[in-house]
Amino acid sequence: MKEKPSLLRRLLRGLGTLALALVIITAVDIYRWPDSRGLQALPLVTTDGTPLDLQHTERPVFLYFWATWCGICRHTTPQIAALQARGYPVVSVALHSGSEAAVAAYLAQHGWSLPVINDADGRLAAAFGIVATPTVAIVENGQIRLATSGWSSSWGLRLRYAMLPLVRAVRGD
Numbered sequence: 000m001k002e003k004p005s006l007l008r009r010l011l012r013g014l015g016t017l018a019l020a021l022v023i024i025t026a027v028d029i030y031r032w033p034d035s036r037g038l039q040a041l042p043l044v045t046t047d048g049t050p051l052d053l054q055h056t057e058r059p060v061f062l063y064f065w066a067t068w069c070g071i072c073r074h075t076t077p078q079i080a081a082l083q084a085r086g087y088p089v090v091s092v093a094l095h096s097g098s099e100a101a102v103a104a105y106l107a108q109h110g111w112s113l114p115v116i117n118d119a120d121g122r123l124a125a126a127f128g129i130v131a132t133p134t135v136a137i138v139e140n141g142q143i144r145l146a147t148s149g150w151s152s153s154w155g156l157r158l159r160y161a162m163l164p165l166v167r168a169v170r171g172d
């Protein structure tokens, strides 16, 4: 008769699996990491005409790349809106989503009120090296500190935001 692995062995195996999953997730995020040079490449102006300067920010800003045609974005955008409702600074970039009127109508239809830059031709996304939607970057004084692609929860994004002091310490900022 075969003996069952001990509780400690099962726990260690589970922790090893979790550690491997975190390494893989981090590697995928690093592969999809946006390029900070995009912040200097093009002027950033929201659809209401507000110019944005992400080079000099009082607080880190969530920069959210999304699209009206992106299925996962329909689930991520409410998480981003929840961050904004909690007082986090948020700027969204609509990729290849049509005219400013079409983007505004889409947001209104879903009840989301986010500041939005319309990247109808994809030049801004190309400057940032965005390879997937949705992508969320946390920008601080012109530098992308953290980024992730795919679905994200508001608590997961808040956790990343809270990790910024650790990121600064590790990078020597």
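All residue numbers in the sequence shown are consecutive under numbering that gives the first Met the number 0, ending with 172.
For every residue, glycine included, the Cβ atom is placed at its ideal position computed from N, Cα and C.
Remember, it's a predicted structure, so these values are computed and weren't measured experimentally.
Annotation for H74: W150 place their beta carbon closer than 8 angstroms to its own, counting only its chain and skipping 5 residues before and after. Closest in alpha carbon position to W111, among N117, D118 and A103, is A103. Following the DSSP letters along the chain, one finds L163 inside the alpha helix (DSSP H) bounded by residues L163 to R170. In the DSSP assignment, A81 falls within the alpha helix (DSSP H) that extends over C72 to A84. Bounds of the alpha helix (DSSP H) holding V102 are E99 to H109.
A Cβ-Cβ separation of about 12 angstroms leaves P133 out of contact with W68 under the 8 angstroms criterion. By the C-beta density criterion, A84 is exposed, having fewer than 16 other C-beta atoms within 10 angstroms. Contact annotation: I79 and L113 have beta-carbon atoms nearer than 8 angstroms. Counting C-beta pairs with one atom in each stretch, the stretch 155–170 and the stretch 138–146 have three or more that are closer than 8 angstroms, which means they touch. Residue burial is scored here from C-beta neighbours: A168 has fewer than 16 other C-beta atoms within 10 angstroms and is therefore classed as exposed.
Here the C-alpha atom of P42 lies approximately 14 angstroms from the C-alpha atom of S91. Secondary structure at R12: helix, using DSSP grouped into helix, strand and coil.
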